[in-house]
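Participant:
Protein chains: 2
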Amino acid sequence: MIRVGVNGYGTIGKRVADAVAAQPDMEVVGVTKTSPTYGAETAIRSGYDLYAAIGDRVEEFERAGVGVAGTLPDLLDAVDIVVDCCPSGVGEQNRSIYEAHDTPAVYQGGEDATVADASFNARGSDESVADADSLRVVSCNTTGLSRLLAPLEETYGVEKARVTLVRRGGDPTETGRGPINDIVPDPATVPSHHGPDVNTVLPDIAVDTAALKAPVTAMHTHSVNVTLETAPTATAVRELLEGEGRLFLIPERAGLDGAGALKDYAADVGRPRGDLWENCIWTESISVQGRDLYLFQNIHQEADVVPENVDAIRALSTDLSREESVAKTDEALGIGLDSLLSDGGSTRNPVTADD
Amino acid sequence: MIRVGVNGYGTIGKRVADAVAAQPDMEVVGVTKTSPTYGAETAIRSGYDLYAAIGDRVEEFERAGVGVAGTLPDLLDAVDIVVDCCPSGVGEQNRSIYEAHDTPAVYQGGEDATVADASFNARGSDESVADADSLRVVSCNTTGLSRLLAPLEETYGVEKARVTLVRRGGDPTETGRGPINDIVPDPATVPSHHGPDVNTVLPDIAVDTAALKAPVTAMHTHSVNVTLETAPTATAVRELLEGEGRLFLIPERAGLDGAGALKDYAADVGRPRGDLWENCIWTESISVQGRDLYLFQNIHQEADVVPENVDAIRALSTDLSREESVAKTDEALGIGLDSLLSDGGSTRNPVTADD
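Just so you know, the protein sequences line up as chains G and D, in that order.
Quick note on the UniProt record's numbering: the first sequence kicks off at 1 and runs consecutively.
Quick note on the UniProt record's numbering: the second sequence kicks off at 1 and runs consecutively.
1) Measuring alpha carbon to alpha carbon, tell me which residue in D/ARG167, D/ASP171, D/LEU276 is nearest D/THR209.
2) Can the beta-carbon of G/GLY169 be found closer than 9 Å to that of G/LEU75?
3) Of the choices G/ILE250, G/ARG63, G/GLY124, whose alpha-carbon is the least far from that of G/LEU337?
4) Would you say G/ALA19 lies against chain D (beta-carbon separation less than 9 Å)?
5) Would you grab the beta carbon distance between D/LEU202 and D/GLY124 for me? Rounded to a whole angstrom, and I think it's under 8 Å.
6) Could you name the residues of chain G that D/ASP117 contacts, counting a contact when the two beta carbons are closer than 7 Å?
7) For D/THR37, decide whether its Cβ has a neighbour in chain G, counting only Cβ atoms nearer than 9 Å.
8) Distance check for D/CYS86 and G/ASP355, CA to CA, integer angstroms please.
9) Chain G partners of D/ARG257, CB-CB under 8 Å?
10) Which residue marks the beginning of the alpha helix (DSSP H) containing D/VAL326, and which one marks its end?
11) Can you name, in chain order, every residue of its own chain whose Cβ lies under 6 Å from the Cβ of G/ALA116, other than the five neighbours on each side?
12) Do you know offhand how far G/VAL326's Cα is from G/VAL16's?
13) Do you know offhand how far G/GLU308's Cα is from G/GLY258's?
14) Give me, in chain order, the residues of the same chain whose beta-carbon lies closer than 6 Å to that of D/ASN177; leave out the 5 immediate sequence neighbours on both sides.
15) How about the segment 140 to 154 of chain D and the segment 226 to 237 of chain G: do they share at least three Cβ pairs that are nearer than 8 Å?
16) Listed from N- to C-terminal order along the chain, which residues in the segment 179 to 196 of chain G have their beta-carbon within a distance smaller than 9 Å of any beta-carbon of chain D?
17) According to DSSP, is G/TYR156 helix, strand or coil?
18) Please compile the residues from chain G whose C-beta is within a distance smaller than 7 Å of the C-beta of D/PRO172.
19) Over what stretch of residues does the alpha helix (DSSP H) that includes D/TYR265 continue unbroken?
20) Kindly indicate if chain G contains any beta-carbon less than 9 Å away from that of D/PRO272.
21) For the segment 208 to 223 of chain G, enumerate the residues whose C-beta is nearer than 8 Å to any C-beta of chain D, in chain order.
22) From D/PRO187 to D/THR200, what distance separates their C-alpha atoms?
23) Can you look up D/CYS140 in the DSSP assignment and give me helix, strand or coil?
24) Check this for me: beta carbons of D/LEU262 and D/ALA218, under 9 Å apart or not?
25) For residue 408 of chain D and D/THR230, what's the separation of their Cα atoms in angstroms?
26) Please report the straight-line C-alpha distance between G/GLY67 and G/ALA254, rounded to a whole angstrom.
27) Identify the contact partners of G/ARG45 in chain D, using a Cβ-Cβ distance below 9 Å as the criterion.
28) When you compare the CB positions of G/ASP304 and G/GLY195, do they come within less than 9 Å of one another, or not?
29) Using a beta-carbon distance below 9 Å, is D/LEU72 in contact with chain G?
30) Could you check whether the Cβ of D/ARG147 sits closer than 9 Å to any Cβ belonging to chain G?
31) Three-state secondary structure (DSSP) at G/TYR9?
32) May I have the straight-line CA-CA distance separating G/TRP277 from G/VAL138, to the nearest angstrom?
33) Rounded to the nearest angstrom, how far is the Cβ of D/ASN7 from that of D/LEU72, given a contact under 8 Å?
34) Can you check the segment 186 to 259 of chain D for any alpha helix (DSSP H) of at least 4 residues that lies completely inside it and give the ranges in chain order?
35) Would you mind reading off the limits of the beta strand (DSSP E) that contains G/ASP311?
36) Just curious, the alpha helix (DSSP H) that G/TYR98 is in, first and last residue?
Next comes the structure, spelled out in structure tokens:
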């Protein structure tokens, strides 16, 4: 069993902890919080040992009636690997602590690429990352782009990808963020950093990105154009993408028309926290004009990097191939949304009213 | 076992079906949909027999590969009671069908009060509703007000309640609704219909309401003033409300600061669909100035009427007392959010770091 610690039990950390706990070859040794907010309570309810991320705050936890098993150094001594899920920039500050404890670390995409030996996406990265002692799982948007561009590059060749990212302003819990009522170029400079970030895992793909920020909290939306080196049919592209486990092609005619309905659907099928671990691709939008492929996809910013973190742990700790790891992760989590309605009944036996 | 049919497996209907299925004394015989959207798939995944709400649409379901067990009349013949969860106004149209099948019916609060023999709230209604052959569960806002006002009236006497309802514009799935960027008086006439609706279950309480509509989807927010007949302390009111099973006093100092965090918390504690069946009262807001009580409460419009529907079924079908039914419902669903943090540790033994 790979003994895993999660430093920073927040939006990403709590999801990573649950995903790790669901794996047959991993266990969660403990998680950290900086203060005894409701997340601390969630950790305890979930059966995780809680550690104070900051040593001199132990008393604050105890005053709130929330017991801690120790502090971050204690956790690092007890684990094989740590997943850093702290806010952007804090991971970099934590690096020396992890190195002092000789603990391999997985970082999140909010950190600069230099934080780790290599950047990681389970679909995009090549096997050379197996030599790394630390990995950085690329951000939610970069993860979503890498999953999409890797199979397109392999099958058709990508001449150039051009993507507009309409990003959510903040997460549902982030009361203080904006915009309230605007579409904000963010950054206003084009191309944005997302294209180069894709190149940390797929160095040979030409990709330009432009990023906006909108007054929504549920998901990011990407408007994707990829000029391919060959000219497939839209149907062929659709079938290619349907074959990718972490791409969910939203069924047509199912009444799913936006992020609200997607999250509702995820809750309906029993996903914890209504999480969508897959890229959600609007099937109707897949079209090809000459060699230009177009499509829209939605990315659940709280969730899509979660299975990638699990695979990054295995890349640092085991000799499993990428495919074996992904298969293990996806089976344990139940990744791969299918739908009774996804083919509109065209290949199904009709069920009679007597059934 | 009480055999229950749910006519209209939408936002409320799917939640009512799951809540009924969780009861030890009830079973879901089947649910209806008007068309084979993703909700139809959810019904099948959840193990419910699906019926076409509209007879001539059976073929449409079959073309989509979604088998139906029959149509609404077939369902009505197979059940002891039907819960109508159709859009507002459709319940009234369905009444003659239910009566023709001699099937007792529970309606939702979007219907006029005249649709049923009596209006119902498990905390507010008196036992006389046991004589009814049909009940109307009052709307989400009226449910939230009735639960709050009933104990205040019993304990302190209510001279007059004045409430501003800041309502959500639409549900998360309702892409077509507004406002996008406004606070809309809705209705602009004051008082709104909500006060009189409270009087359908609590006829003797003087209550005026004014209603607005805001660009949010997660929850309604009520700003409540109640002029009491006596002048309790805020602490006494807090303790009174803490004793009510379907009122959740949001723990202070837990970092819960809005509807986004409340829903996140609900998902964290494992609530299906992140549902908040309880009124969520902002504990810090409870204050008393002379005989004037003030507080804010949030109401999850998709969820708070769900346990009330379960109790309405028992009121029509059994001789159980209200208290027995509520206890059964709440135990089966796990209603009554408590919190490790709710008392700030003041009455808890601190847990040491070694535990």
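All C-beta atoms, glycine included, are put in the ideal place defined by N, C-alpha and C.
Note that this is a predicted model, so its numbers are computed, not measured.
Facilitator: Considering the structure as presented:
1) D/ARG167
2) It is not a contact, given that the beta carbons lie outside the stated cut-off.
3) G/ILE250
4) G/ALA19 does not count as touching chain D.
5) 5 Å
6) Simply none; closest approach about 33 Å.
7) Yes, D/THR37 counts as interfacial toward chain G.
8) With a pLDDT of 35 at G/ASP355, under the threshold of 50, the predicted position of this residue should be treated as unreliable, though the coordinate-derived value follows. Per the coordinates, the alpha-carbon of G/ASP355 lies some 25 Å from the alpha-carbon of D/CYS86.
9) Residue identity check: residue 257 of chain D is Asp in the sequence provided, not Arg. Those are THR175, listed as they occur along chain G.
10) 322 to 333
11) Cβ within range, chain order: TYR107, SER134, LEU135, ARG136.
12) 15 Å
13) 25 Å
14) A small correction: the amino acid at residue 177 of chain D is Arg; Asn does not occupy that position in the sequence shown. If we look at D/ARG177 and ignore the five residues flanking it on each side, its Cβ neighbours are GLY169, GLY170.
15) no
16) ILE180, ASN181
17) helix
18) GLY260, LYS263, ASP264
19) 259 to 268
20) Yes, contact with chain G.
21) Taking 8 Å as the Cβ-Cβ cut-off against chain D, the residues of the segment 208 to 223 of chain G that qualify are THR217, ALA218.
22) A straight-line Cα-Cα distance of about 19 Å links D/PRO187 and D/THR200.
23) helix
24) yes
25) In the structure as shown, chain D begins at 1 and stops at 355. Residue 408 of chain D is therefore absent and cannot be evaluated.
26) 47 Å
27) Proximity of chain D to G/ARG45 at the Cβ level (cut-off 9 Å) is accounted for by ASP268, VAL269, GLY270, LEU340, in chain order.
28) no
29) no
30) no
31) coil
32) If you draw a straight line from the Cα of G/TRP277 to the Cα of G/VAL138, it comes to about 14 Å.
33) 6 Å
34) The segment 186 to 259 of chain D contains these whole alpha helix (DSSP H) runs: 194 to 199, 234 to 242.
35) No beta strand (DSSP E) holds G/ASP311; the alpha helix (DSSP H) holding it covers 306 to 317.
36) 90 to 100
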